[in-house]
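Residue numbers (the UniProt record's numbering): 1 to 527.
Think of the CB as a built atom: it goes at the ideal place given N, C-alpha and C, for glycine as much as any other residue.
The structure appears below as structure tokens.
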Amino acid sequence: MANLTRPLLSQPNSSDDSTEPPHLEKHLPSLDSTIENCIGDFGWAQLLQAILVSFAWFFDAQQTFISVFADAEPTWHCDTRLRKDSCDSVSDICKLPRDSWGWDLPERTSTISEWALQCAGSIITGLPASAFFMGCLLGGLVLATLADSSLGRKKMLSLSCLAMAVSTLLTTFATNIWTYSALRLAGGFGRATIGTCALVLSSELVGKQWRGRVGVIGFFCFTLGFLSLPAIAYLNRGSSWRNLYVWTSVPTIFYSLVVHFLVHESPRWLFVKGRKEEAIATIKTMAQANHETFTVSFSHLPFEEETWNVDLYSAIKILIEKRWAFRRLSAVMAIGFGIGMVYYGMPLALGNLAFSLYLSVTLNALSELPASLVTFFFVGTMNRRSSILVFTILSGICNIVSVLKGVMICTTLQIGLELVSFFSACSAFNILLIFTIELFPTCVRNSAVSMVRQALVLGGVFSPVLAAAGRGDGFLSYGVFGIVIGCSGLFVVCLPETRGIAICDTMDEEEHKDKTACGGTASCHDV
């Protein structure tokens with residue numbers, strides 16, 4: 001454990017009159033060493049905080065994939081007792097008289113059967129799920145920078161969970177597809193920043209050696225949330241689809257209150273906003289929880305406060321104005337679009353396979369576990385660029401082969417290829433988020449990660465329609481998924497490698513680090 005009796009903030013050496021460009025650690029020093037000297041690289045207090053914050057992903061996953069069951073098309077059967085003419089030779093339910101067939105389960109089990117949407121087009125049946133992702137897009141655009149500018153990570157996380165939970169609870173009162181879609185849009189709006197705030201906040205509470213592994217805790221929680229859906233749906237089989245929204249909304253309301261009262265704000269963000277006393281108090285509390293003590297010196301900050309970040313869209317503006325930041329943001333968003341289309345689309349298209357819906361969803365959720373384990377154990381040794389490139393190409397190939405016309409593939413092999421593809425997309429998803437955290441400094445990190453998640457969600461907007469269209473032609477779903485993710489992964493060549501490199505806190509520090517890496521020339525940085 002590090003010696004924690006040294007001052008938290010040391011007085012800068014004012015006698016140095018050298019006009020030469022200072023070294024990086026003297027120019028705008030990172031808070032990594034400061035935080036680690038006070039509370040250690042990773043302690044029990046940080047572990048508990050990381051787990052508590054990351055558990056938001058559990059509820060995020062439930063709302064992301066709840067449409068798989070709530071909006072599923074139920075199975076049906078011919079009812080020859082009501083119609084003497086046989087309907088066994090007709091497989092299209094829309095070509096049969098209504099009194100010649102019946103649902104295997106009560107109508108209330110799905111929105112499709114309750115509102116008689118079985119013959120509606122793919123745009124209508126996919127509208128609720130698409131509305132949810134559209135809400136995520138709108139929420140990300142409106143709310144993303146609040147965690148960087150005014151509210152901070154903790155308050156934004158608590159409010160987002162509460163807004164999503166309330167909207168989810170109100171969804172149980174929907175009476176038609178239009179009000180239902182509107183409420184799903186509202187739920188997506190509230191949900192937009194949950195994953196971003198949870199990932200950034202948990203990673204900013206620990207030292208650099210544990211930052212990648214702590215981020216994976218959220219991925220595990222997301223997997224658990226995904227796994228909980230088939231269990232909840234199975235327990236409520238034959239009951240109303242509204243029960244799913246009740247079971248997933250009420251616990252989220254209690255969780256948002258727990259976050260508000262028990263979670264610490266990121267000391268990094270507090271320092272960047274000039275709130276030194278609060279940052280020191282937070283670090284002192286966490287150090288005491290780790291049974292460590294230190295003396296606090298209220299000297300000047302070792303870096304200048306970012307004075308440009310004064311309003312809602314300052315972070316987005318600076319990301320666009322800085323050429324290097326815009327280049328990085330554009331590349332990771334392009335990658336995110338392809339990964340998001342596959343990651344969110346494949347579970348929604350599982351109904352197109354000749355497998356039990358409960359079993360196929362469970363297998364897909366379980367495939368996230370090895371993806372999280374791979375990220376957890378190998379994130380310290382994996383190059384970010386090559387890993388994303390390999391996983392996106394592998395996912396694309398498996399998607400295309402699984403539905404390629406003229407290739408005889410048994411059902412077992414098809415679901416196997418689908419699982420490999422989903423595993424690869426999950427791994428690429430995990431690494432991309434960690435990669436984005438390392439590419440951008442603290443002052444804009446939450447906004448940058450939010451924009452990448454917006455790109456992921458944008459891919460998800462098209463997924464429900466493609467999944468519905470794939471019921472007639474599998475290539476319109478899985479084939480398109482494969483082409484898009486394979487091509488999007490190529491954008492990773494435009495990004496620098498970040499494995500093992502300390503993250504920065506200000507834009508100036510990031511620029512100085514890049515110029516130093518390029519031999520002190522600005523041209524290398526701006527290309």
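- Taking residue 119 as the centre and dropping the five residues before and after it, the same chain places the C-beta of 93 and 94 closer than 8 Å to its C-beta, in chain order.
- For residue 262, the number of other beta carbons within 10 angstroms of its own is below 16, and it is reported as exposed.
- A check of alpha carbon separations from residue 404 across 483, 108, 347 and 154 identifies 483 as the nearest.
- Annotation for residue 247: the continuous alpha helix (DSSP H) segment containing it runs 242-262.
- When C-alpha distances from residue 334 are compared across 459, 217, 434 and 361, the shortest belongs to 459.
- As computed with DSSP, residue 101 is found in a beta bridge with 78.
- By the Cβ rule, the segment 139-152 counts as touching the segment 449-459, because three or more pairs are nearer than 8 Å.
- Of 137, 126, 64 and 105, the smallest CA-CA separation from residue 71 is found for 126.
- In this structure, residue 265 and residue 152 form a Cβ contact; the two beta carbons are roughly 5 Å apart against a cut-off of 8 Å.
- When the alpha-carbon of residue 273 is set against those of 234, 315 and 342, the nearest one is in 315.
- Counting along the chain, the unbroken alpha helix (DSSP H) around residue 154 starts and ends at 152-171.
- Classified as exposed, residue 501 has fewer than 16 neighbouring CB atoms from the shown chains inside 10 Å of its CB.
- Taking 7 Å as the cut-off, the Cβ atoms of residue 165 and residue 253 count as close.
- For residue 404, the three-state secondary structure derived from DSSP is coil.
- Pairing residue 241 with residue 110 gives a Cβ-Cβ distance under 7 Å.
- In the same chain as residue 388, and ignoring 5 residues on each side of it, the C-beta atoms closer than 8 Å to its own belong to 335, 428, 431, 432, 435, 489 and 492, in chain order.
- Taking the Cα positions, residue 276 is about 15 Å away from residue 150.
- With 16 or more other Cβ atoms from the protein chains shown falling within 10 Å of its own Cβ, residue 399 counts as buried.
- Taken through DSSP and simplified to helix, strand or coil, residue 323 comes out as helix.
- Around the beta carbon of residue 230, a 10 Å sphere encloses 16 or more other beta carbons of the protein chains shown; the residue is thus reported as buried.
- By the C-beta density criterion, residue 176 is exposed, having fewer than 16 other C-beta atoms within 10 angstroms.
- For the pair residue 184 and residue 62, the Cα-to-Cα distance works out to about 13 Å.
- Annotated as proximal: residue 328 and residue 439, with beta-carbon spacing under 7 Å.
- Here the alpha carbons of residue 477 and residue 347 stand approximately 11 Å from one another.
- At the C-beta level, residue 402 and residue 342 stay beyond 7 Å of one another.
- The beta-carbon separation of residue 449 and residue 200, rounded to 6 Å, stays under the 8 Å limit for a contact.
- Its Cα nearest to that of residue 221, the residue 54 stands out among 392, 423 and 54.
- Secondary structure at residue 368: helix, using DSSP grouped into helix, strand and coil.
- About 19 Å separates the CB atoms of residue 494 and residue 441; that is not less than 8 Å, and the two are not in contact.
- When secondary structure is reduced to three states using DSSP, residue 211 falls in the helix class.
- When DSSP states are grouped into helix, strand and coil, residue 178 belongs to the helix group.
- By a beta-carbon distance limit of 8 Å, residue 122 contacts residue 468. Their separation comes to about 3 Å.
- Taking C-beta atoms as the reference points, residue 331 and residue 198 fail to come closer than 7 Å.
- One Cα belongs to residue 420, the other to residue 486, and the distance between them is close to 14 Å.
- About 41 Å separates the beta carbon of residue 136 from that of residue 100, a gap too long to meet the 8 Å contact definition.
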